[in-house]
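A quick write-up on the structure given underneath.
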């Protein structure tokens, strides 16, 4: 089977350095596991995660809201400009086998809603609270353990 | 100015008769105010609202997830099949000047997130709680009063 | 049956006054027949057709590439901003029961391809030549006669 | 610069073995040049091109019309289900730096129109004739030479 496993990381385009570090750690672990990182391709959480994955040899996909590749952060290897604005949120979710939500604002909330609607597992790290269906964890390592649990039997 | 005012009503495709009645009342008021009702075109809250608006002489737009018109509920006068699945949620929000969320599940949550992200007012009636930015009300009448307040100065 | 019949008019956003007149005549006939005019909402052929339909009491839907209503031409009564750029071409075609192509450039060519792909009748008026599947006519009146023929048995 | 060059190959989902071979050859050359192959992910021309690229060590992206990964052909390494039906044609074009059209039907015609509309080079191999703007060639090797010419100065 040549198809790769896609882990979506969703979160805001601007974030604190603390949140950036968490995203970076998640990205490192995604890369070390040889999974593909899928994200919205911009800054903040998306960049932190892409950086971590890229530095660990992973493929990083950025589904961009704009129409031009160059809007992607420097750690996106596969920049996919959609030109569809916020509708690209749907694509990020559909393109992911499992979604990890890190902190995040309204865009992240929309992606959480979409992911739960279409039945994708959502792992939450310091993200929107009290949403039934989110699998809340405390650390990047725990997030990856949950990913592994979801994948078991699928690979 | 020929352009009409579009009020989006979002909510689940299946709902209790109580929720259906609330959606129907909202729809009646939308129609009586000669606003256009925008919805996702399916059953439940979408149907209740479309019925109310249609019976009061209003135009009802249904932005459908599927590719065929006939999937629209019987009170949709303008059926717009998108063939884009859940991505039509983005279109419902974009096509609305103001959004009224009635109860709802994950799809509604995604639409709330999108609307708040792109800066559309969201009025909430028995919907997802504790989301900063939602303008929570208790009755259809209050929802319409809030719509009127948002429109003041825009018409 | 409350659902209306939707006639899509596709063509370039800029055009000669001659082409504009042809689009206007088509729009007039669409309005007189109480069909809904669906178009991309911008200038040129889209505006000519919307003007004709609007002046004859018809509903005119503009599925806009941008995210803002005000980009619609002044004869669009139902402005639906999609924020999806060229992907709105797909929506114009899907939202139409029958498509009339008037002159047009590459955007129109893409819509012709999409319409024929998904099995919608395409009537051509001075548009891209030698495309199998287009029902070529010479005048707005002939275009409307062809629409009527397609609708027979459907209404 | 970590971003890869994306070559889109567009063509019908069913084709003759002769056309399949041509697509396969194009795919081989894309892979040998270490470009990413972007396609619609299904059978026919898309599969031929993906096979060629994959067998030569290349990354193959399949932007699928459906909502499920498993609809991708076996040579797609990065399956991106869009759930957006024909609207994924827009994504294939946007995601490509340069498009090679091989034979093809109406879907391909729509992609050619979109690509020319948004200003992407389109190289044609036995595809729709007499469309101004297509750079017609006779062989896979010539197609790749044209790609190289377009890329010169961009890399």
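Chains as they are written, first to last, in my numbering: chain P, 2 to 156; chain G, 2 to 156; chain X, 2 to 156; chain Y, 2 to 156.
Just so it is clear, CB atoms sit at the ideal spot from N, CA and C, and this is done for glycine as well.
- Note on residue 140 of chain X: under 16 other CB atoms within 10 angstroms of its CB, so exposed under the neighbour-count rule.
- At a cut-off of 7 angstroms, the C-beta of residue 93 of chain Y has no neighbouring C-beta in chain X.
- Within a 10 Å sphere around the beta-carbon of residue 112 of chain P sit 16 or more other beta-carbons, which makes this residue buried.
- Its Cα nearest to that of residue 31 of chain X, the residue X:58 stands out among X:109, X:45, X:58.
- Contacts with chain X at 7 angstroms (Cβ-Cβ) do not include residue 59 of chain Y.
- Residue pairing by DSSP puts residue 80 of chain X in a beta bridge opposite X:63.
- At a cut-off of 7 angstroms between beta carbons, residue 63 of chain P makes no contact with chain X.
- Residue range 18–33 is occupied by the alpha helix (DSSP H) that includes residue 20 of chain X.
- Minimum Cα-Cα distance from residue 7 of chain Y among the listed residues Y:43, Y:60, Y:44 corresponds to Y:60.
- One finds 86 in chain X with Cβ atoms closer than 8 angstroms to the Cβ of residue 68 of chain P, taken in chain order.
- By the 16-neighbour rule on beta-carbons within 10 angstroms, residue 97 of chain G is buried.
- Residue burial is scored here from C-beta neighbours: residue 66 of chain Y has at least 16 other C-beta atoms within 10 angstroms and is therefore classed as buried.
- When the Cα atoms are used, residue 136 of chain X and residue 124 of chain X turn out to be separated by approximately 5 angstroms.
- For residue 123 of chain P, the uninterrupted beta strand (DSSP E) run begins and ends at 123–126, by DSSP.
- The Cβ neighbour count for residue 122 of chain X, taken over all protein chains shown within 10 Å, is at least 16; the residue is labelled buried.
- Beta-bridge annotation (DSSP): residue 9 of chain P is paired with P:39, P:100.
- For residue 145 of chain P, the three-state secondary structure derived from DSSP is helix.
- Interface annotation for the stretch 90–122 of chain G against chain X: 91, 92, 95, 96, 98, 119, criterion Cβ-Cβ distance under 9 angstroms.
- Under the Cβ distance rule, residue 81 of chain Y counts among the residues neighbouring chain P, one pair being separated by less than 7 angstroms.
- Under the three-state reduction of DSSP, residue 138 of chain Y is assigned to strand.
- Just measuring C-alpha positions, the residue of G:117, G:120, G:110 sitting nearest residue 127 of chain G is G:110.
- For the pair residue 83 of chain G and residue 92 of chain X, the CB atoms are nearer than the 7 angstroms cut-off.
- Interface criterion met: the Cβ of residue 3 of chain Y is under 7 angstroms from a Cβ in chain P.
- Boundaries of the alpha helix (DSSP H) around residue 118 of chain G: 107–118.
- Here the C-alpha atom of residue 43 of chain G lies approximately 43 angstroms from the C-alpha atom of residue 22 of chain P.
- The beta carbon of residue 78 of chain P falls within 7 angstroms of a beta carbon belonging to chain Y, placing the residue at that interface.
- Under the three-state reduction of DSSP output, residue 50 of chain G falls in the helix class.
- For the pair residue 14 of chain X and residue 88 of chain Y, the Cα-to-Cα distance works out to about 21 angstroms.
- In the DSSP annotation of this structure, the continuous segment of the alpha helix (DSSP H) that includes residue 90 of chain X starts and ends at 89–95.
- The alpha-carbon of residue 37 of chain Y is positioned some 8 angstroms away from that of residue 54 of chain Y.
- Secondary structure at residue 56 of chain P: helix, using DSSP grouped into helix, strand and coil.
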